[in-house]
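Here the structure comes first, spelled out in structure tokens, and everything after it is commentary.
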Amino acid sequence: MIAIFEGRLDTAAAPKTEQEMHPLYECESGDIVLDCTHLDYISSSGLRLFLGLLKTSKPKGIDVFITGMNDNLKQVFAMTGFTSLFKFK
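FYI, in my numbering the residues of the sequence shown are 55 to 143.
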């Protein structure tokens, strides 16, 4: 299953994004790929959504991969320690 993120994933966008991510939380098999190619910015609210998905998926044996991160996103993930939590493609 692939989810494509665009623009800014901040506090204002988080509630709508969380609703749109609902099918990912229900995924029972296969990998989940979070495509961040067109994501310009992620705040702590966005990171919380990614972490929540990871915590829901791991017990089911589902891997969550992140792909297409720009340098700014990579820096945020590195500063928050999220690079050690997720797998990257």
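A virtual CB, placed ideally from N, CA and C, is assigned to each residue, including glycine.
A quick note: this is a predicted structure, and the numbers were derived from the prediction, not measured.
Review point. What does DSSP give as the partner residues of alanine 57 in its beta bridges?
Key: Mapped onto the sequence shown, residue 57 falls at position 3. Within the DSSP bridge table, the entry for alanine 57 names Leu88 as partners.
Check your understanding: Residues in its own chain within less than 7 Å of alanine 68 by CB, not counting five upstream and five downstream?
Key -> Here residue 68 refers to the residue found at position 14 when the sequence shown is read from its first residue. Closer than 7 Å at the Cβ level, and outside the excluded window around alanine 68, lie Ser99, Gly100, Leu103.
Exercise for review: Determine, using beta carbons only, whether isoleucine 120 and phenylalanine 142 come nearer to each other than 8 Å.
Suggested key: One-based indexing of the sequence shown puts residue 120 at position 66. One-based indexing of the sequence shown puts residue 142 at position 88. By the CB criterion at 8 Å, isoleucine 120 and phenylalanine 142 fall inside the cutoff.
**Study point:** Beta bridge counterpart(s) of threonine 121 as assigned by DSSP
**Key:** One-based indexing of the sequence shown puts residue 121 at position 67. DSSP output for threonine 121 lists Asp89 as bridge partner(s).
Exercise for review: Could you pull out every residue in the same chain whose Cβ sits closer than 6 Å to the Cβ of phenylalanine 59, ignoring the five residues on either side in sequence?
Suggested key: Translated into positions along the sequence shown, residue 59 becomes position 5. If we look at phenylalanine 59 and ignore the five residues flanking it on each side, its Cβ neighbours are Cys90, Leu93.
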